[in-house]
Amino acid sequence: MPYQIIQSYSNFDPPALGTSFTASPNAGAPFSPIYTTIDQAYENLKMLLLTRVGERYGYPQFGTFLLNVLFQPSTDEIKIQIPDLITKPVSVFLPYLNIDNIDIKTAQDDPTLPYSIQIKLDFSLNSIETNTITISATESGQLSVS
Numbered sequence: 138m139p140y141q142i143i144q145s146y147s148n149f150d151p152p153a154l155g156t157s158f159t160a161s162p163n164a165g166a167p168f169s170p171i172y173t174t175i176d177q178a179y180e181n182l183k184m185l186l187l188t189r190v191g192e193r194y195g196y197p198q199f200g201t202f203l204l205n206v207l208f209q210p211s212t213d214e215i216k217i218q219i220p221d222l223i224t225k226p227v228s229v230f231l232p233y234l235n236i237d238n239i240d241i242k243t244a245q246d247d248p249t250l251p252y253s254i255q256i257k258l259d260f261s262l263n264s265i266e267t268n269t270i271t272i273s274a275t276e277s278g279q280l281s282v283s
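When the letters of the sequence shown are read in order and numbered with my numbering, they come out as residues 138 to 283.
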């Protein structure tokens, strides 16, 4: 007679897939567990985009050159460079993610924009679950990721 193993989480939380790092002091605990794959994919993408190439010890190819470009003067060339700076590292390090859309706005496009550049990145996980990450940079050197 075969045995069947049934996991019961009545007294415990389900196992977490990873942890979320929240750098905001008002956000509560800095490391909170992640239970869904789309949320873990969001955190993985955020960490890839905010890591400079060569910054990670023992894994020098991991990261992007996005932070080097974000604080340059906003020109039309930047709008051409940014999609390449995002899609190539994502295809190498996060091949399970699909970049669906990259929308780049600068202060030249919208003078009411409080940021000098804003990037909205729509991505999907296995073409099923979708999410958006927004990166905004100001001329004073402030970076916002949501």
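Think of the CB as a built atom: it goes at the ideal place given N, C-alpha and C, for glycine as much as any other residue.
For residue 278, which of 205, 178, 260, 237 has the nearest alpha-carbon? 205
Who are the near neighbours of residue 241 in its chain, counting only those whose CB is closer than 6 angstroms to its CB and skipping five residues on each side? 216, 219, 256
Report yes if the CB atom of residue 235 is closer than 9 angstroms to the CB atom of residue 199, and no otherwise. no
Look up residue 244 in the DSSP assignment and say whether it is helix, strand or coil. coil
When we look at the beta-carbon of residue 152 and count the other beta-carbons within 10 Å, is it buried (16 or more) or exposed? The residue is exposed, with fewer than 16 neighbouring Cβ atoms inside 10 Å.
Can you tell me whether residue 280 is buried or exposed? The criterion is at least 16 other CB atoms within 10 Å of its CB, across all chains shown. Residue 280 is exposed by the Cβ-count criterion.
Based on the DSSP output, what are the partners of residue 257 in its beta bridges? Bridge pairing for residue 257: 240, 271 [DSSP].
Ordered along the chain, which non-local residues of its own chain (more than five positions away) have a Cβ less than 6 angstroms from that of residue 273? 252, 255, 281
Length of the line joining the Cα atoms of residue 201 and residue 191: 9 angstroms
Which residue comes first and which comes last in the beta strand (DSSP E) that contains residue 210? That residue, residue 210, is in no beta strand (DSSP E); it is neither H nor E in DSSP.
Using C-beta distances below 6 angstroms, list every residue in its chain close to residue 224, excluding the 5 sequence neighbours before and after it, in chain order. 236
Tell me whether residue 179 is buried or exposed, calling it buried when 16 or more other Cβ atoms sit within 10 Å of its Cβ. buried
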